[in-house]
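Just so it is clear: in the sequence shown, position 235 is 235 by our numbering, and no numbers are missing.
Where a beta carbon is used, it is the ideal one built from N, C-alpha and C, also for glycine.
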Amino acid sequence: MGEYLRRLSFIVKIIKENEYTSEQLMMILSEKGFSVSQRQLQRDLKSLQDIVPHDEELKSYFLEGKKYFYIKKSLEPNLKPVGFDSVYTESTRFYHQNLDVKKVKALEGIETAIYQRKTLEIELVKDDETGHNLDLDASKLIVCPVKLILHRASYYLACMNCKTKTVEVYGIRQLVQINLSKSFSDFQNMKNAVDQELNKRFGVTKNIDDQVHDIEIEFTSATGRFIEDHHWHSSQKITKTNGTYLMTMHCGINRELMGWLFLWMYNVRIIRPKILKSLYKQTLQECESTLKEQTPFVYRNIFKS
Numbered sequence: 001m002g003e004y005l006r007r008l009s010f011i012v013k014i015i016k017e018n019e020y021t022s023e024q025l026m027m028i029l030s031e032k033g034f035s036v037s038q039r040q041l042q043r044d045l046k047s048l049q050d051i052v053p054h055d056e057e058l059k060s061y062f063l064e065g066k067k068y069f070y071i072k073k074s075l076e077p078n079l080k081p082v083g084f085d086s087v088y089t090e091s092t093r094f095y096h097q098n099l100d101v102k103k104v105k106a107l108e109g110i111e112t113a114i115y116q117r118k119t120l121e122i123e124l125v126k127d128d129e130t131g132h133n134l135d136l137d138a139s140k141l142i143v144c145p146v147k148l149i150l151h152r153a154s155y156y157l158a159c160m161n162c163k164t165k166t167v168e169v170y171g172i173r174q175l176v177q178i179n180l181s182k183s184f185s186d187f188q189n190m191k192n193a194v195d196q197e198l199n200k201r202f203g204v205t206k207n208i209d210d211q212v213h214d215i216e217i218e219f220t221s222a223t224g225r226f227i228e229d230h231h232w233h234s235s236q237k238i239t240k241t242n243g244t245y246l247m248t249m250h251c252g253i254n255r256e257l258m259g260w261l262f263l264w265m266y267n268v269r270i271i272r273p274k275i276l277k278s279l280y281k282q283t284l285q286e287c288e289s290t291l292k293e294q295t296p297f298v299y300r301n302i303f304k305s
């Protein structure tokens with residue numbers, strides 16, 4: 001391998017692991033025996049996109065007047081099966097979020113804020129995707145961003161609300177006019193709080209209360225085999241009993257769990273807890289009322305906490 005390719009390969013390796021300024025990169029390259037000028041390094045950085053994997057890209061951000069470079073996974077969701085990639089595999093793009101310029105810009109802004117440990121001032125949060133915005137519109141929200149989540153092929157921001165000190169999750173589509181603001185500390189504790197909260201949820205939607213339940217759900221044979229073959233929650237356990245499948249989980253109850261149960265229509269049966277059964281029946285009644293046009297056809301959420 002020639003000097004040029006060895007140098008590019010080395011740069012790719014280190015900026016996958018951390019973010020560096022061009023000055024820092026030149027120092028590291030010199031320590032490793034590479035002779036390169038500032039102008040050559042700039043040309044190298046431009047050339048990197050030609051050699052990084054197709055699902056990665058060279059990114060940069062400014063912090064205190066200095067430009068930092070790093071390589072990250074592409075924002076375009078990779079919906080191919082985990083651990084397998086083939087030219088013969090094609091995504092249906094079903095349930096795939098449409099990433100326009102505004103969404104990509106928002107994602108990049110959030111990513112920069114997480115790297116720089118900057119709070120985000122969000123001018124407007126519209127609609128309700130996760131149960132944190134039941135009034136549909138909220139303004140002047142200030143949060144500490146913790147992580148971006150790719151869930152069901154859509155992007156979400158998991159953050160700490162600076163005012164209420166609670167963990168919240170919002171869909172990227174909901175966030176209008178995002179601006180970086182003041183620096184914040186204690187990131188690791190916030191991340192731990194976010195992780196603990198997400199482990200209590202089925203998906204990303206807010207639970208109806210603070211309770212975590214031992215949930216048991218029964219599936220018919222064919223549906224159960226499909227359920228068994230997929231990941232739904234970190235606590236899931238699935239066993240076969242008398243031709244049917246029993247799934248147990250330890251998590252809260254939320255709107256996302258209810259919608260997931262309806263995916264399986266008449267091939268699913270709730271064993272426990274009672275509150276989940278009750279909410280399931282209530283949802284069926286609400287659906288029937290909507291079908292019969294007995295209820296105004298407007299947005300409602302019966303899972304208000």
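### Task
Would you check if the segment 214-233 and the segment 241-248 touch, i.e. whether three or more CB-CB distances between them fall below 8 Å?
Counting Cβ pairs under 8 Å, three or more are found: they touch.
### Task
Please state whether DSSP places threonine 261 in a helix, a strand or coil.
At residue 261 the sequence reads leucine, which differs from the threonine that was named. Residue state, collapsed to three classes: helix.
### Message
Bridge partners for proline 296 per DSSP, in chain order?
### Response
BP columns for proline 296 are empty, so no partner.
### Query
In this structure, does DSSP put serine 221 in helix, strand or coil?
In this structure, serine 221 counts as helix in the three-state DSSP scheme.
#### Entry: Top-ranked residue by Cα proximity to lysine 16, from Glu3, Tyr170, Tyr266, Lys72
Here the closest residue by C-alpha is Lys72.
### Query
Which runs of the beta strand (DSSP E), 3 residues or longer, sit entirely within the segment 56-143?
As far as the segment 56-143 is concerned, its whole beta strand (DSSP E) runs of at least 3 residues are 56-63, 66-73, 118-126.
### Query
Just reading off the alpha helix (DSSP H) that glycine 191 is part of, what are its end residues?
A small correction: the amino acid at residue 191 is lysine; glycine does not occupy that position in the sequence shown. It spans 187-200 - the alpha helix (DSSP H) in which lysine 191 sits, taken as one unbroken run.
### Query
Taking the Cβ atom as the reference point for each residue, do leucine 124 and valine 176 lie within a distance shorter than 7 Å?
Against a cut-off of 7 Å, the Cβ pair of valine 176 and leucine 124 comes out as a contact.
### Task
Would you kindly report the start and end of the unbroken alpha helix (DSSP H) that includes cysteine 251?
It is not in any alpha helix (DSSP H) - cysteine 251 instead sits in the beta strand (DSSP E) that spans 244-251.
### Message
Taking its Cβ as the centre, do 16 or more other Cβ atoms sit within 10 Å of serine 185, making it buried, or is it exposed?
### Response
The C-beta of serine 185 has fewer than 16 other C-beta atoms within 10 Å across all chains shown, which makes the residue exposed.
### Query
How long is the line joining the alpha carbons of aspartate 127 and cysteine 251, rounded to whole angstroms?
A direct Cα-to-Cα measurement between aspartate 127 and cysteine 251 gives close to 25 Å.
### Message
Please return the same chain residues whose Cβ sits closer than 6 Å to the Cβ of glutamine 49, not counting the five positions on each side in sequence.
### Response
Sequence-distant partners of glutamine 49 (beyond 5 residues in either direction) whose C-beta falls short of 6 Å from its own C-beta, in its chain, are Leu58.
### Query
When we look at the beta-carbon of glutamine 174 and count the other beta-carbons within 10 Å, is it buried (16 or more) or exposed?
Buried.
### Query
What residues match up with glycine 171 in a beta bridge as DSSP calls it?
DSSP lists Tyr156 as the beta-bridge partner residues of glycine 171.
### Query
So isoleucine 11 is in the alpha helix (DSSP H); what residue range does that whole segment cover?
3-17 is the extent of the alpha helix (DSSP H) around isoleucine 11.
### Message
My output table needs one value for asparagine 267: the three-state DSSP class, helix, strand or coil.
### Response
Residue state, collapsed to three classes: helix.
### Query
If you count every other CB in all the chains shown that lies within 10 Å of the CB of alanine 113, and 16 or more means buried, which is it?
The residue in question, alanine 113, is buried, as its Cβ has 16 or more Cβ neighbours within 10 Å.
### Task
Compare the C-alpha of glycine 2 against each of Glu19, Phe34, Ile14 and name the closest.
That would be Phe34, whose Cα lies nearest to the Cα of glycine 2.
### Task
Buried or exposed for threonine 89, please, with buried defined as at least 16 other CB atoms from any protein chain shown within 10 angstroms of its CB.
Exposed, because fewer than 16 other Cβ atoms sit within 10 Å of the Cβ of threonine 89.
### Task
My understanding is that valine 167 touches methionine 160, with C-beta atoms under 8 Å, so please give their C-beta distance in whole angstroms.
So it is a contact: roughly 6 Å between Cβ atoms.
### Query
First and last residue of the beta strand (DSSP E) that includes isoleucine 238?
Unbroken beta strand (DSSP E) run through isoleucine 238: 237-241.
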